[in-house]
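Here the structure is laid out as structure tokens; the discussion comes afterwards.
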Amino acid sequence: MVTQNHVDPQEFHSVRTGSGRCRRPGPHPAAGDLAAAILFPATPALAVQSHGAPEGLYVHMLAHVLYFAALLFLLRILRKRPPGHSAAWRNFRLALIFFLLWNTDTFIVHWLYSRLPDTAFTGQGLRDYQLVGPLTPARWIYYLGRFDHLLCVPAMFFLVLSLRRFCRETASRPPTKPGTAP
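Start counting the sequence shown at 9; every next residue gets the next number (this note's numbering).
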């Protein structure tokens, strides 16, 4: 029998985990993932694809321009009318700034790749090609720009951090009645 704030232990029994959260007893939730990984081995995801020339590149570059504009717009709104000054909002702004830097870097690298001659690269396919000399300033910028993960990973880190903090802030607020503003 369940009352408003009480759960009958006969009907439901939870196990407290190390993180303080409760879960139902039984097999660990990751057991199903492990079984699926063993029964269904991974195949190549083929997540990297080249775009057909020239329309694919134009559409892709236009997407970078629109993403840049959207990030600038969001940063401007957060600066002009900040919804909050908590750590979650600061982390969110940092994530946006890193995504903006990553997007700019990626746009420049795409543009340089389209401008470099075919003789600037050796190897077949996206995984095997290498940049060959002479290393001109454009090739150096291209090479250093290929380290875009140094901007993208911190962006994702700050985004996840901000979402976690938003979640905690929301959970710590007192509940409100439906239809009323907080």
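The beta carbon of each residue, even a glycine, is placed where N, CA and C say it ideally should be.
Next on the checklist: Considering Cα atoms alone, identify which of Trp110, Gly141, Arg89, Leu143 is closest to Leu159.
Outcome noted: Along the sequence shown, one-based indexing puts residue 159 at 151. Closest option to Leu159, Cα to Cα, is Trp110.
Item to check | Burial state of Ala45, where buried means 16 or more other Cβ atoms lie within 10 Å | outcome: In the sequence shown, counting from the first residue as 1, residue 45 sits at position 37. Counting the other Cβ atoms within 10 Å of the Cβ of Ala45 gives fewer than 16, which makes it exposed.
Next on the checklist: Here's the rule: buried if 16 or more other CB atoms are within 10 angstroms of the residue's CB, otherwise exposed. What is Gly153?
Outcome noted: On the sequence shown, position 145 is the one that residue 153 refers to. Answer is buried; the Cβ neighbour count reaches 16.
Next on the checklist: So, with DSSP's three-state summary, where would you put Phe129?
Outcome noted: Numbered from 1 along the sequence shown, position 121 holds the residue referred to as residue 129. Here Phe129 sits in strand by DSSP.
Item to check | Per-residue DSSP class, three states only, for Leu86 | outcome: In the sequence shown, the residue the question calls residue 86 occupies position 78. In the three-state scheme derived from DSSP, where H, G and I count as helix and E and B as strand, Leu86 is classed as helix.
Checklist entry - At which residues does the alpha helix (DSSP H) containing Gly153 begin and terminate? => result As a working note, residue 153 is residue 145 in the sequence shown. That run of the alpha helix (DSSP H) goes 145-153.
Item to check | For Leu139, the three-state DSSP class (helix, strand or coil) | outcome: Numbered from 1 along the sequence shown, position 131 holds the residue referred to as residue 139. Residue state, collapsed to three classes: strand.
Item to check | Closest residue to Arg173 among Pro183, Val73, Gly92 (Cα-Cα distance) | outcome: The residue labelled residue 173 in the question sits at position 165 within the sequence shown. Comparing alpha carbon positions, the residue from Pro183, Val73, Gly92 closest to Arg173 is Gly92.
Checklist entry - Is the Cβ-Cβ distance between Phe76 and Thr112 less than 8 Å? => result To locate residue 76, count along the sequence shown from 1; it is residue 68. To locate residue 112, count along the sequence shown from 1; it is residue 104. For Phe76 and Thr112, yes; Cβs fall inside 8 Å.
Checklist entry - In whole angstroms, what is the alpha-carbon distance linking Ala128 and His157? => result Numbered from 1 along the sequence shown, position 120 holds the residue referred to as residue 128. Numbered from 1 along the sequence shown, position 149 holds the residue referred to as residue 157. The straight-line gap from Cα to Cα measures roughly 22 Å.
Checklist entry - What whole-angstrom Cβ distance do Tyr121 and Leu139 have, given they're in contact under 8 Å? => result For the purposes of this step, residue 121 is identified with residue 113 of the sequence shown, where counting begins at 1. For the purposes of this step, residue 139 is identified with residue 131 of the sequence shown, where counting begins at 1. Contact doesn't hold; Cβ gap of about 10 Å is too wide.
Item to check | Where the alpha helix (DSSP H) containing Trp169 begins and where it ends | outcome: For the purposes of this step, residue 169 is identified with residue 161 of the sequence shown, where counting begins at 1. Note that residue 169 corresponds to Leu in the displayed sequence, not to Trp. Start and end: 157-180.
Next on the checklist: Buried or exposed for Thr114, going by 16 or more other Cβ atoms inside 10 Å?
Outcome noted: Start at 1 with the first residue of the sequence shown, and residue 114 comes out as number 106. Taking a 10 Å sphere around the C-beta of Thr114, we find 16 or more other C-beta atoms and assign the residue as buried.
Checklist entry - Using the beta-carbon count (16 or more within 10 Å), is Ser170 buried or exposed? => result The sequence position of residue 170 within the sequence shown is 162, counting from 1. Per the 10 Å Cβ criterion, buried.
Checklist entry - Sorted by chain position, which residues of the same chain lie with C-beta nearer than 6 Å to Leu102's C-beta, five sequence neighbours on each side aside? => result Residue mapping note: residue 102 aligns to position 94 of the sequence shown, counting from 1. Within the same chain, Leu102 has close Cβ partners Phe166.
Checklist entry - Which whole-angstrom value describes the C-beta separation of Pro162 and Phe106, a residue pair presumed to lie in contact below a C-beta threshold of 8 Å? => result One-based indexing of the sequence shown puts residue 162 at position 154. One-based indexing of the sequence shown puts residue 106 at position 98. Rounded, the Cβ-Cβ distance is 5 Å, consistent with contact.
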